[in-house]
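Residue numbers (our numbering), protein chains in the order written: chain A, 1 to 496; chain B, 1 to 496.
Heads up, the beta-carbon is just placed ideally off N, CA and C, and yes, glycines get one too.
Remember, predicted model here, so these are calculated numbers, not experimental data.
Number of protein chains: 2
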Amino acid sequence: VEKVDLTNKIGKAEYHKVMQELTIKMGELQRQARQMDIPITLVFEGWGASGKGMLLNKLIQALDPRGLTVYPMNNATEEDKLHPYLWRYWVRIPQRGRVAIFDQSWYQRVLAERVENLIKEKKWRKAYYEINSFERQLADDGHVIVKFFLHISKAEQKKRFREIEKDPEISWRVTDVDWLQHKQYSKHLAAVEEMIEKTNTDYAPWYLVETYDKRSAIAEVYTKVIHAIENKIREIHEKSEQNKLYQPVNKKTQSSGSAILDKIDLTKTIDKLIYKPELAKLQGEIRELTYTLYRRKIPLIIVYEGWDAAGKGSNIKRLTQTMDPRGYKVIPISAPNEVEREYHYLWRFWREIPQAGNVVVFDRSWYGRVLVERVENFCSTEEWTRAYEEINEMEEQLVESGAVVLKFWLHIDQEEQLKRFEERKNNPHKQWKITDEDWRNREQWEPYQHAIEEMLLRTSTTYAPWTIVEANSKYYARIKVLKTLIKSVETRLASK
Amino acid sequence: VEKVDLTNKIGKAEYHKVMQELTIKMGELQRQARQMDIPITLVFEGWGASGKGMLLNKLIQALDPRGLTVYPMNNATEEDKLHPYLWRYWVRIPQRGRVAIFDQSWYQRVLAERVENLIKEKKWRKAYYEINSFERQLADDGHVIVKFFLHISKAEQKKRFREIEKDPEISWRVTDVDWLQHKQYSKHLAAVEEMIEKTNTDYAPWYLVETYDKRSAIAEVYTKVIHAIENKIREIHEKSEQNKLYQPVNKKTQSSGSAILDKIDLTKTIDKLIYKPELAKLQGEIRELTYTLYRRKIPLIIVYEGWDAAGKGSNIKRLTQTMDPRGYKVIPISAPNEVEREYHYLWRFWREIPQAGNVVVFDRSWYGRVLVERVENFCSTEEWTRAYEEINEMEEQLVESGAVVLKFWLHIDQEEQLKRFEERKNNPHKQWKITDEDWRNREQWEPYQHAIEEMLLRTSTTYAPWTIVEANSKYYARIKVLKTLIKSVETRLASK
């Protein structure tokens with residue numbers, strides 16, 4: 001942890017001179033970051049009475065409120081608790097070009113929650129890993145992340161608490177919890193040290209700021225933030241220079257034959273006479289299972305991906321037909337809108353993560369990143385390449401938080417797709433379902449096939465496996481999805 | 001309340017035939033509504049065990065999930081309770097072209113909450129008015145609203161509760177609360193009748209649907225929804241036909257001289273030597289007051305409007321300088337983005353309403369509707385004309401819910417504006433503040449002046465008054481805002 005030498009306090013006159021410069025610089029950099037679409041995340045943790053409020057407000061004053069949001073992260077709400085731990089932070093990440101300031105943050109799990117035994121050791125140990133992954137994902141997406149821990153000694157804290165308590169107007173601000181934490185100062189300190197050791201990274205550094213002298217603390221925070229933004233801007237400029245120098249060679253994706261898709265037996269089918277009663281039986285089971293999930297507060301996340309016209313819509317309809325409408329949601333995913341494009345690509349999915357006990361069905365999903373966005377060059381090679389790991393990490397967190405995650409790839413062949421496209425074209429009730437884009441996508445069959453293969457290989461995990469669904473027969477596909485789902489949920493219910 | 005004659009139950013064969021037609025029709029209408037940007041709001045209330053879940057799911061099955069959201073409105077969360085009553089519904093209104101289905105709704109206040117004495121009579125009496133205003137505002141904005149109350153008799157309810165209790169898999173669904181409500185059936189029934197009487201309107205009709213026979217209930221709900229959408233589509237077509245026939249004459253806004261603005265004494269000023277200590281003193285008071293508001297859970301909403309370069313930004317900075325950053329937010333308002341444009345224009349402001357105890361400062365606000373949107377013809381005459389009432393209604397609801405609402409018009413004259421524009425142009429640190437748009441707006445001084453006058457006249461209310469701030473002197477303007485704010489908040493604190 002880097003520290004500024006504070007042996008000399010800053011004098012008032014010098015402070016005002018320095019601050020005037022830093023304030024102007026900060027304003028300029030915020031505007032530049034805005035123009036360059038750089039999101040900035042600032043984290044503030046610290047001891048009670050370390051002056052966080054004062055310091056935060058000083059920082060805010062230098063920033064344009066038009067580009068800033070402060071998030072005081074108090075205790076988790078009921079809604080927060082029904083979601084994975086990082087959910088409440090994911091939904092608050094800054095938009096490109098904006099600043100988000102977190103007053104307390106995702107570090108509470110390895111600080112107060114840990115020390116006060118509010119969670120099990122396994123959970124907070126896991127949190128280091130989740131936090132580093134979260135911050136790395138943001139940094140990879142171009143975020144500036146700076147984290148401050150405001151530090152005072154135990155003696156100083158006691159002195160400050162006493163001073164606050166003397167003033168009847170503000171004495172209520174020192175609570176029993178504060179005194180309790182004060183008594184456990186050394187336990188908290190050990191947690192702080194471990195936290196910094198485990199989460200101080202190049203992409204999201206910690207700064208321990210001593211706040212004995214307000215002025216030097218303020219100047220230090222300003223300086224660190226300014227440096228971090230300047231570095232990012234320099235880095236972007238250097239990269240763009242490099243890109244000018246070395247024109248990347250556009251390598252054609254090599255079609256390496258099809259290892260998985262070609263081996264799928266698409267002749268599988270099921271007779272209508274068997275299908276009908278079977279469907280009704282399975283739907284009844286699904287209904288009961290979703291009630292059980294609800295009572296046991298287990299969230300269920302179902303991802304549907306598949307070729308155009310593979311029958312996702314009608315499959316989802318059969319799945320949800322008997323579910324209680326209060327307990328499930330179908331989220332259809334298309335191209336991100338203007339606002340969604342301003343965030344990390346996973347943001348819009350984090351926002352839809354079901355709360356404990358509910359079911360969310362994604363009709364297409366975050367896998368768009370490694371399918372359509374990859375094939376159509378909507379994102380860079382670097383972006384879709386790292387997406388596999390990002391997706392695996394997200395799904396692991398969902399499962400860790402208690403969710404069942406199931407992913408279905410609905411597979412049909414080219415002939416079957418053509419047949420269905422023609423059918424849609426000729427049926428006045430279905431014409432709206434078919435667009436020029438569908439025909440265009442069809443011509444890209446090979447690159448899609450390649451992307452699908454790689455997706456299946458790299459994101460089928462023990463905790464969130466893919467199920468390939470032979471979907472030339474819609475009946476067969478529906479029954480297979482329902483059966484797979486029932487089996488997975490039952491296994492999960494039996495296991496814990 | 002309209003009722004379908006249900007003396008004849010629908011036979012199974014007939015039902016399937018009818019439903020096939022209705023389902024196709026529903027799908028078509030949803031797509032048409034989507035293309036025509038019609039938002040659709042469906043409300044479902046009803047007795048326990050009246051079959052709401054089953055009926056809702058049947059309805060959902062006919063709709064494209066891509067355009068649909070179901071909101072099961074359970075008990076209000078902590079966050080909901082810290083906001084005005086309608087807040088949780090406002091933030092969930094459907095986007096243009098989408099369907100929102102509310103399973104329980106804003107009517108709970110005049111149903112369960114009323115009957116079970118969870119709120120005071122004054123509050124639920126007031127709710128009729130707030131609800132009608134809410135629905136009228138949505139309808140005026142083009143929403144289709146249909147409301148269903150699912151009805152069974154007391155005896156039937158008892159029978160159904162008993163049946164559910166017999167099945168061990170689902171017996172948990174009948175709770176003590178259900179039985180309690182059952183005992184008070186007649187009290188609830190009286191509330192239902194009054195509710196329908198008071199809130200059954202042309203723009204948001206109620207339908208009482210008896211659910212003794214599932215099939216006829218389903219067919220009835222489908223039919224009513226279909227009719228409502230068809231009517232809206234017809235209405236829109238008729239309107240557009242009329243518009244073709246009668247080309248409206250574009251009347252120039254008549255500048256009727258200035259009744260208010262010209263009388264403002266812009267020579268008011270304050271000396272720097274007085275300003276500095278005065279500012280510090282007032283800021284100290286503001287800090288204490290905001291803590292008191294926090295403890296007493298009173299939300300504070302401050303609106304800043306004013307000419308370009310009137311000094312809103314620096315004024316807001318002085319206001320918030322000493323506030324606790326965890327308790328306030330500055331919300332800068334510019335043109336609505338792609339997503340915001342898809343909603344009622346008040347939606348994005350409802351989303352930012354502070355929770356009890358917090359402060360929100362709007363740097364520009366919903367008044368854009370009757371200022372820039374009016375002057376630049378971004379909305380129709382009909383739209384900005386009805387906006388005065390809509391805004392007054394919203395502010396009244398905010399105040400009713402306990403908020404203090406203050407609105408400041410920062411006034412400068414044309415010469416002062418020119419001086420400040422030139423200053424910005426010539427100061428390298430301020431150049432970014434001035435855009436071509438500012439110069440263009442300046443040329444529209446007269447129409448803006450007219451719009452401002454009308455705004456001040458029509459939206460200065462006893463509960464949410466405007467304060468005109470003479471702002472040629474920035475010092476004077478800052479002191480006036482702080483003093484006005486302190487006085488208003490102190491009055492409020494003393495009153496209740």
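Partners in chain A for residue i, counting only beta-carbon separations shorter than 9 Å
i: GLY51/B; result: The contacting residues do not exist; GLY51/B stays about 12 Å from chain A at best.
Helix, strand or coil at residue i according to DSSP, with G and I counted as helix
i: HIS151/B; result: strand
i: LEU82/B; result: coil
i: TRP47/B; result: coil
i: TYR463/A; result: coil
i: LYS430/A; result: coil
i: LYS25/A; result: helix
i: PRO447/A; result: helix
i: LEU266/A; result: coil
i: ASP176/B; result: helix
i: HIS227/A; result: helix
i: ILE302/B; result: strand
i: ALA335/A; result: coil
i: TRP206/B; result: strand
i: GLU376/B; result: coil
i: LYS419/B; result: helix
i: PRO65/B; result: helix
i: LEU406/A; result: strand
i: GLU169/B; result: coil
i: VAL192/B; result: helix
i: GLU116/B; result: coil
i: ASP363/A; result: strand
i: ILE486/A; result: helix
i: VAL4/A; result: Here VAL4/A scores only 48 on pLDDT, less than 50, and its place in the model should not be relied on; the value that follows carries that caveat. DSSP places VAL4/A in coil when its eight states are reduced to three.
i: ALA494/B; result: helix
Within chain B, partners of residue i - CB distance below 9 Å
i: LYS170/A; result: A small correction: the amino acid at residue 170/A is Ile; Lys does not occupy that position in the sequence shown. Chain B residues near ILE170/A: GLU288 and TYR291.
i: ILE24/A; result: HIS429
i: ASP363/A; result: PRO65 and ARG66
Interface residues of chain B facing residue i [CB-CB closer than 7 Å]
i: ARG442/A; result: Within chain B, no residue comes near ARG442/A; the closest Cβ sits about 21 Å away, beyond 7 Å.
i: VAL330/A; result: PRO65
Residue i classed as buried or exposed, judged by whether at least 16 other C-beta atoms fall within 10 angstroms
i: GLY11/B; result: exposed
i: THR491/A; result: exposed
i: SER50/A; result: buried
i: ASN250/B; result: Low per-residue confidence applies at ASN250/B: pLDDT is 46, beneath 50, and the placement is therefore not dependable enough to give any value.
i: ARG296/B; result: exposed
i: ARG234/B; result: exposed
i: GLY311/B; result: buried
i: HIS429/B; result: exposed
i: ASN472/B; result: buried
Per-residue contacts from residue i into chain B (C-beta, under 8 Å)
i: GLN321/A; result: ASN57 and GLN61
Chain-ordered chain A contacts of residue i [CB-CB under 8 Å]
i: TRP432/B; result: ARG31
i: ASN337/B; result: GLU338 and VAL339
Partners in chain A for residue i, counting only beta-carbon separations shorter than 7 Å
i: ARG507/B; result: Summary: the structure shown does not reach residue 507/B, with chain B confined to residues 1 through 496, and so no result is reported for it.
i: PRO277/B; result: Ordered by position in chain A, no residue passes the 7 Å Cβ test against PRO277/B, which lies about 17 Å from the chain.
i: LYS515/B; result: In this structure chain B extends from 1 to 496, so residue 515/B is not present and cannot be described.
Is the number of C-beta pairs between the region 112 to 128 of chain B and the region 49 to 64 of chain B that are closer than 8 Å three or more? These segments do not touch.
Which residues, in order along the region 81 to 96 of chain A, keep a beta-carbon less than 9 Å from a beta-carbon of chain B? Going along the region 81 to 96 of chain A in chain order, one finds no residue with a Cβ nearer than 9 Å to chain B.
Return the residues of the region 66 to 80 of chain A that lie within a Cβ-Cβ distance of less than 7 Å from chain B, sorted by chain order. ARG66, VAL70, PRO72, THR77, GLU78 and GLU79
Can you pull out the residues from the region 203 to 235 of chain A whose beta carbon lies closer than 8 Å to at least one beta carbon of chain B? Within the region 203 to 235 of chain A, no residue has a Cβ that lies closer than 8 Å to any Cβ of chain B.
Is the region 310 to 330 of chain B touching the region 284 to 299 of chain B in the sense that three or more CB pairs, one from each, lie closer than 8 Å? yes
Validate contact between the region 185 to 204 of chain A and the region 135 to 147 of chain A using beta carbons, cut 8 Å, 3 pairs: yes
Can you find at least 3 beta carbon pairs, one from the region 400 to 410 of chain B and one from the region 456 to 470 of chain B, that sit closer than 8 Å? yes
Can you pull out the residues from the region 294 to 311 of chain A whose beta carbon lies closer than 8 Å to at least one beta carbon of chain B? Result list: ARG295.
With 8 Å as the C-beta to C-beta threshold (strictly closer), list the residues of the region 137 to 153 of chain B near chain A in chain order. none
Tell me, please, whether the region 443 to 463 of chain B touches the region 388 to 397 of chain B by the rule of three or more beta-carbon pairs shorter than 8 Å. Taking 8 Å as the limit for Cβ pairs, the verdict is that the region 388 to 397 of chain B does touch the region 443 to 463 of chain B.
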